[in-house]
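Remarks on the structure that follows.
Residue numbers (the numbering used here): 1253 to 1759.
Given below as structure tokens:
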């Protein structure tokens, strides 16, 4: 069997060391491209190392004689435009550096291949928030948004940014610049609203997340995972490794492929839906935080794997990758047949791919927009079977289908709706707030209100946010909010218990 055949389990492919950067695959050339076969590169945690990623991908192209058509980056992009974005990056001080991204943002360098990225837990959160619905963070590098779904050559790719923390899951998007220390972390925590939107999709071909779905390790070699990462043992035993909301999406959406990062280890699993994992489990109980997306208000519902012998089993190939380091196992190549051929290209030029909005996702975005909250607490979200929500979704689907019937799929071309535009100036050191014209264009095009960074600011003009002025309104608001947070924390923990950061620092 061809080692790059998309039908082969990633669990088996993971045993082929040649698929990693440390030992480049010499077998790629055995398979020739057809008009509808794509070669895709997937990377784990980036941590600002764009130059290294593209260098390794282009080297693989030279060695194999095959073009890579698409790059997927699974978080911790650290898309810092200048020093002004550093206060919005949640990492220890010793890790605060700009990395390679400013050269791509400025146009000095251009990504050679269409690159889709998601957010992790180490991001320039202020910049990602500008593009909440998705958009170009640099030429040819597209952020999938807090949640999103697009089509590349007809392949449906869905994504969820961030990581899960139960205390923020049911909150709205309340954080505002300048961020308090608490808000700096809650900014990248997964929200029920985004998971509810994703739950309305049909099965995508590929799903991207930074966090792992909770329990997915039970479908792979758990003992090997513990050998590599012994400090995961307690989380595995308590069924608390990974994200319960993503576990639910995994079992509900059943994508063909699921790629993650975050835990800095390569790990493959073969998920057989409708069956229970066998032979590798160390844990005997389900995660009490497992979520039922049919009732997002109830965080105590457990989500198991339903047995249904009448329905043919579907499978999901899961692969997590490490971070970009000289010894990291962070890059994977695979082939996947796509339903659409790439548009023709000139001789000597890199062939391009079609890149469109996924029409059902647009209908979901419109139907769910009334529930988008910018307050601390999320208003109740109807379950996915709710008749009113389903009726609204059907109306939006029909309306959008009518609107684009004459123009065809070309009307959904992302490159026609959104164009990269620099908001923050280059080489700046003063934090500011910007309205992104891509978000404005998307909202106007889709017909939803633009609520992102609309605090009485002219478009692309920084807010007067002087962080060095102790009397500035922004600093006064930040001090008040931080003081309130500190009081609440002390009441909850008591004076004898120092505050602790329980989040894993994935550096």
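We put the CB at the ideal spot given by N, CA and C, even for glycine.
How about the segment 1623-1634 and the segment 1421-1429: do they share at least three Cβ pairs that are nearer than 8 Å?
Taking 8 Å as the limit for Cβ pairs, the verdict is that the segment 1421-1429 does touch the segment 1623-1634.
Here's the rule I'm using: 16 or more other beta-carbon atoms within 10 Å means buried, otherwise exposed. How should residue 1558 be labelled?
Summary for residue 1558: the model assigns pLDDT 37, below 50, so the residue's position carries little reliability; its value from the coordinates is reported in the next sentence. Exposed is the call here.
Return the residue from the list 1566, 1453 and 1582 that minimises the CA-CA distance to residue 1324.
For the options 1566, 1453 and 1582, the alpha carbon positioned closest to that of residue 1324 is the one of 1582.
Tell me the DSSP bridge mates of residue 1460?
As a beta-bridge residue in DSSP terms, residue 1460 pairs with 1411 and 1511.
With a cut-off of 8 Å on the beta carbons, I'd call residue 1568 and residue 1510 a contact; round off their distance for me.
Right, their Cβ atoms sit about 5 Å apart.
Ends of the beta strand (DSSP E) at residue 1401?
Unbroken beta strand (DSSP E) run through residue 1401: 1399-1404.
For residue 1459, does the count of other Cβ atoms within 10 angstroms reach 16, so buried, or fall short, so exposed?
Per the 10 Å Cβ criterion, buried.
Neighbourhood of residue 1310 by C-beta, 6 Å cutoff - its chain only, sequence neighbours within 5 removed:
Take residue 1310, set aside five residues on each side of it, and no residue of its chain has a beta-carbon closer than 6 Å to its own.
On the DSSP bridge assignment, give the partners of residue 1388 in chain order.
In the DSSP output, where bridge partners are listed per residue, residue 1388 has 1394.
Nearest residue (CA-CA) to residue 1633, options 1524, 1451, 1514 and 1353:
It is 1451 whose Cα lies nearest to the Cα of residue 1633.
By DSSP, does residue 1332 sit in helix, in strand, or in coil?
Coil, per DSSP.
Quick check on the DSSP output: the beta strand (DSSP E) that includes residue 1583 runs from which residue to which?
Here the beta strand (DSSP E) through residue 1583 covers 1583-1589.
Quick check on the DSSP output: the alpha helix (DSSP H) that includes residue 1200 runs from which residue to which?
The requested residue 1200 is not part of the displayed model; the chain covers only 1253 to 1759.
I'd like to confirm the pairing. Which residues does DSSP put opposite residue 1297 in its beta bridges?
Note: residue 1297 is bridge-paired with 1575 in the DSSP secondary-structure output.
Sheet register partners of residue 1472 (DSSP bridge):
Among the bridge pairs identified by DSSP, residue 1472 is matched with 1521.
Nearest by alpha-carbon distance to residue 1586: which of 1322, 1298 and 1296 is it?
That would be 1322, whose Cα lies nearest to the Cα of residue 1586.
DSSP three-state assignment for residue 1426, whether helix, strand or coil
Note: residue 1426 maps to coil in three-state DSSP.
How many angstroms separate the CA atom of residue 1615 from the CA atom of residue 1481?
The alpha-carbon atoms of residue 1615 and residue 1481 are separated by roughly 42 Å.
Suppose contacts are defined by Cβ-Cβ distances below 7 Å. Is residue 1342 in contact with residue 1464 by that definition?
The criterion of a C-beta distance shorter than 7 Å is not satisfied by residue 1342 and residue 1464.
With three or more C-beta pairs closer than 8 Å as the rule, is the segment 1667-1679 touching the segment 1402-1418?
Flag = no, the segment 1402-1418 and the segment 1667-1679 do not touch.
Can you tell me whether residue 1683 is helix, strand or coil according to DSSP?
DSSP places residue 1683 in coil when its eight states are reduced to three.
Look at the Cβ atom of residue 1320, then the Cβ atom of residue 1370, and state whether they are nearer than 7 Å.
Contact flag unset, no.
Using DSSP bridges, identify the partner residues of residue 1569.
Looking at the DSSP assignment, residue 1569 forms a beta bridge with 1509 and 1522.
From the DSSP output, in three-state form, read off residue 1632 for me.
Coil, per DSSP.
CA-CA distance, residue 1314 and residue 1308?
Whole-angstrom Cα-Cα distance: 10 Å.
Buried or exposed: where does residue 1398 fall if 16 or more other Cβ atoms within 10 Å of its Cβ makes it buried?
Taking a 10 Å sphere around the C-beta of residue 1398, we find 16 or more other C-beta atoms and assign the residue as buried.
Can the beta-carbon of residue 1575 be found closer than 7 Å to that of residue 1297?
In this structure, residue 1297 lies closer than 7 Å to residue 1575 by Cβ.
Hey, could you find the ends of the alpha helix (DSSP H) residue 1221 is sitting in?
Residue coverage of the chain in this structure runs from 1253 to 1759, which leaves residue 1221 outside it and unanswerable.
What number of angstroms, rounded off, separates the C-alpha of residue 1474 from the C-alpha of residue 1598?
For residue 1474 and residue 1598, the distance between alpha carbons rounds to 48 Å.
Quick check on this structure: which residue in 1447, 1339, 1612 and 1498 has the alpha carbon closest to the alpha carbon of residue 1685?
Cα-wise, what sits closest to residue 1685 is 1339.
C-beta atoms of residue 1395 and residue 1383 nearer than 7 Å:
For residue 1395 and residue 1383, yes; Cβs fall inside 7 Å.
Below 8 Å, how does it come out for the segment 1437-1444 and the segment 1598-1608: are there three or more Cβ pairs, yes or no?
Put simply, the segment 1437-1444 does not touch the segment 1598-1608. Fewer than three CB pairs are less than 8 Å apart.
Spatial neighbours of residue 1524 within its chain, please: C-beta separation below 6 Å, excluding the five flanking residues on both sides.
Sequence-distant partners of residue 1524 (beyond 5 residues in either direction) whose C-beta falls short of 6 Å from its own C-beta, in its chain, are 1565 and 1567.
Nearest neighbour of residue 1303, chosen from 1355, 1291 and 1333 [CA to CA]:
Closest option to residue 1303, Cα to Cα, is 1355.
So the alpha helix (DSSP H) residue 1445 belongs to, where does it begin and stop?
That run of the alpha helix (DSSP H) goes 1444-1451.
Under the three-state reduction of DSSP, which class applies to residue 1501: helix, strand or coil?
When secondary structure is reduced to three states using DSSP, residue 1501 falls in the helix class.
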